[in-house]
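Residue numbers (the UniProt record's numbering), protein chains in the order written: chain X, 1 to 203; chain R, 1 to 203; chain U, 1 to 203. Reviewing the structure listed below.
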Amino acid sequence: MTWDVLSIIGTIAFAVSGAFIAMEEEYDILGVYILGIVTAFGGGAIRNLLIGVPVSALWEQGLFFQIALLSITATFLFPNSILRQWKRWGNFSDAIGLAAFAIQGALYATSMGHPLSAVIVAAVLTGSGGGIVRDLLARRKPTVLKDEIYALWAILAGLIVGLQIASSPVELYVLFGLLVACRMLSYMYKWKLPIRSIRQPNM
Amino acid sequence: MTWDVLSIIGTIAFAVSGAFIAMEEEYDILGVYILGIVTAFGGGAIRNLLIGVPVSALWEQGLFFQIALLSITATFLFPNSILRQWKRWGNFSDAIGLAAFAIQGALYATSMGHPLSAVIVAAVLTGSGGGIVRDLLARRKPTVLKDEIYALWAILAGLIVGLQIASSPVELYVLFGLLVACRMLSYMYKWKLPIRSIRQPNM
Amino acid sequence: MTWDVLSIIGTIAFAVSGAFIAMEEEYDILGVYILGIVTAFGGGAIRNLLIGVPVSALWEQGLFFQIALLSITATFLFPNSILRQWKRWGNFSDAIGLAAFAIQGALYATSMGHPLSAVIVAAVLTGSGGGIVRDLLARRKPTVLKDEIYALWAILAGLIVGLQIASSPVELYVLFGLLVACRMLSYMYKWKLPIRSIRQPNM
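Below, the structure is given as structure tokens:
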């Protein structure tokens, strides 16, 4: 049940974030639907691949397509007053997708009895997969590799789920809310991590 | 039978379209073969993933490799008079691949009893997968996201196959021919779809 | 046994090469770990997909994650005197990953009784998959498509394994060493293959 709710939330979130980026890049109406759909299902396909569910299982969820198509339509019809702040809304929907799929990846790896290191990697790759597909197709630098704090929240999801600090549905929803909030705070206040450059000054 | 013919046509078409783009980008002879092979089998791999056939089933088709290698060799040896029009030929082979794999995706989703929305998404993702792999590797904007009419023809394939307007082999081949013709007309006459931009004038 | 050794070598090599490129691009410390992990496991995931092992089998190898994380940490802490030559070291680790995974792909296709053409394609795609994932994410031109001699060594691996010139563990390790040496020589002495351009002089 929690699993299905997270799937629906993640799918909607990535569909909306793909549609936002397509509008930002001035794609035509079909381009907005395509990038929205590819982001939503690219994220789901990568998640399924990584957690061992057949990718073709996606097609059994006719409901998901209708939800994704509706979400994209809604994004396309948003009033201008909201669209003027698309950067924040685009990041918000991306943060929701990251949190939902990172928790799913961590839950799956934990339920298979994998060690903590695998749980953390599963959380990071599952959570960032949808955004990576979207950014590659829109020819942007993947958000997960930007000098913002992004993957750290997925690592946190892996740690908290892997150490079974959160396991009941309520705890998982609280974790989900916390991760979204942390990601948005780190985006809005531009938190950074240290850099080690290997470019020499005289190069 | 129709299925195998469409597979062979799609594989040849994507191999040729990858080879054309590699020559356009001035890759060396091995680069032409690599991009041709990766496009042909990237398209096939994505189709297999999406329709639930193991990707490794590709290797059982030794015939396909020989066909793809021959197609790339033929492209590499084309007389200059044809190569001077490579843009049209590249788009032509891409249109063939799009139509062949979109019909396959739609047929598969229909045969599994999925709803119409899933059939349409399957047609679009299966048809455009090969071109997306090719464009990503050649670092171009994916054709499916350009402001040309491209995905619309895959959607049409999904609708016509999903509503069982075409189901016999003859009808499917006619549909295939129509889709290729529509895509080429929309490319040559630069048909467009409406855009909604969210960039503000004063930004 | 040889198989496992090659897996470990390939995973370490791609982890290190991803970390080098991330440091070169001035990513923060987490970006270095992310690109290292995504390269190591993207390469492994593509290999698993292509040779028919479930991608989720990756998680069973907790040891691999710890090895990859350690390798990235070591790369991050390398003394400056080595980092000043990162280009050579980055290419060296990439060459090791190419050789290890190309041999695995060829061995797999041979063991399944596939024809020589399929063995060669399997060697090329399996060997170059990790580098392609890394270069796409770092928004670089894929090494396999550059005008350097790269894929030729994977083709050679396919030929030698496919024709069973090398089949015992010792022969495979010798082949592995030879391939790494050939790739490094072709990189350092800038060996090239012929080009056929289709751009017209007056374009």
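Built from N, CA and C at the ideal position, the CB exists for glycine as well.
Item: Validate contact between the segment 103-113 of chain R and the segment 20-28 of chain R using beta carbons, cut 8 Å, 3 pairs; Value: no
Item: Between the CA atoms of residue 142 of chain X and residue 136 of chain X - distance to the nearest angstrom; Value: 7 Å
Item: Cβ contact (3+ pairs, closer than 8 Å) linking the segment 143-156 of chain U and the segment 35-43 of chain U; Value: no
Item: Residue ranges of each beta strand (DSSP E) within the segment 64-124 of chain X, 3 or longer; Value: none
Item: Beta carbon of residue 157 of chain U nearer than 9 Å to that of residue 99 of chain U; Value: yes
Item: Interface flag, residue 41 of chain R vs chain U, CB-CB below 9 Å; Value: yes
Item: Residue 123 of chain U beta carbon less than 9 Å from that of residue 95 of chain U; Value: no
Item: Contacts of residue 55 of chain R in chain U (Cβ-Cβ under 8 Å); Value: 49, 50 and 52
Item: Inter-stretch contact (C-beta, 8 Å, three-pair minimum) for the segment 56-65 of chain R and the segment 165-176 of chain X; Value: no
Item: 8 Å contact criterion, which residue 97 of chain X and residue 131 of chain X should meet: CB distance rounded; Value: 7 Å
Item: Which residues DSSP lists as bridging residue 135 of chain R, in chain order; Value: Partner(s): none; residue 135 of chain R has no beta bridge.
Item: Extent of the continuous alpha helix (DSSP H) run through residue 23 of chain X; Value: 2-24
Item: Range covered by the alpha helix (DSSP H) that runs through residue 170 of chain R; Value: 169-188
Item: Spatially closest choice to residue 25 of chain U from U:70, U:140 and U:58, by CA coordinates; Value: U:140
Item: Residues that DSSP places opposite residue 147 of chain X in a beta bridge; Value: Note: residue 147 of chain X sits in no beta bridge, so no partner.
Item: Burial state of residue 72 of chain U (16 or more Cβ within 10 Å); Value: buried
Item: Residue environment, residue 134 of chain R, which counts as buried when at least 16 other CB atoms sit within 10 Å; Value: buried
Item: Nonlocal neighbours in the same chain, by C-beta distance under 6 Å from residue 183 of chain U, ignoring five residues either side; Value: 95 and 153
Item: Sequence-distant residues of its chain with Cβ nearer than 6 Å to residue 202 of chain U (five each side left out); Value: Legend: pLDDT at residue 202 of chain U = 42, less than 50; position of this residue unreliable, value from coordinates given subsequently. So no residue of the chain qualifies.
Item: Same chain only: Cβ atoms within 6 Å of residue 119 of chain R, ignoring 5 sequence neighbours per side; Value: 106, 109, 110, 158 and 162
Item: Where residue 32 of chain U meets chain R, residues with beta-carbon distance less than 8 Å; Value: Here the premise fails: no neighbours, minimum Cβ distance about 23 Å.
Item: Beta carbon of residue 127 of chain U nearer than 9 Å to that of residue 102 of chain U; Value: yes
Item: Residue environment, residue 170 of chain U, which counts as buried when at least 16 other CB atoms sit within 10 Å; Value: exposed
Item: Local Cβ density within 10 Å of residue 81 of chain U, reported as buried at 16 or more and exposed below that; Value: exposed
Item: Residue 52 of chain X and residue 7 of chain U closer than 9 Å at C-beta; Value: no
Item: Chain-ordered residues of the segment 92-126 of chain X with a beta carbon less than 9 Å from chain U; Value: 108, 109, 112, 114, 115, 116, 117, 118, 119, 120, 121, 122, 124 and 125
Item: Endpoints, the alpha helix (DSSP H) within which residue 31 of chain R is located; Value: 29-51
Item: Cross-chain neighbours of residue 151 of chain R in chain X, by beta carbon under 7 Å; Value: 30 and 34
Item: Nonlocal neighbours in the same chain, by C-beta distance under 8 Å from residue 86 of chain R, ignoring five residues either side; Value: 20, 23 and 24
Item: Residue 49 of chain X to residue 49 of chain R span [Cα, whole Å]; Value: 9 Å
Item: Test item: CB-CB of residue 117 of chain U and residue 58 of chain R under 9 Å; Value: no
Item: Near-chain U residues of the segment 169-192 of chain X - C-beta to any C-beta below 9 Å; Value: 192
Item: 9 Å Cβ cutoff met for residue 40 of chain R and residue 12 of chain R; Value: yes
Item: Contact list for residue 38 of chain X against chain U, beta-carbon separation under 7 Å; Value: In chain order: nothing, as chain U lies at least about 15 Å away.
Item: Distance, residue 186 of chain R Cα to residue 89 of chain R Cα; Value: 15 Å
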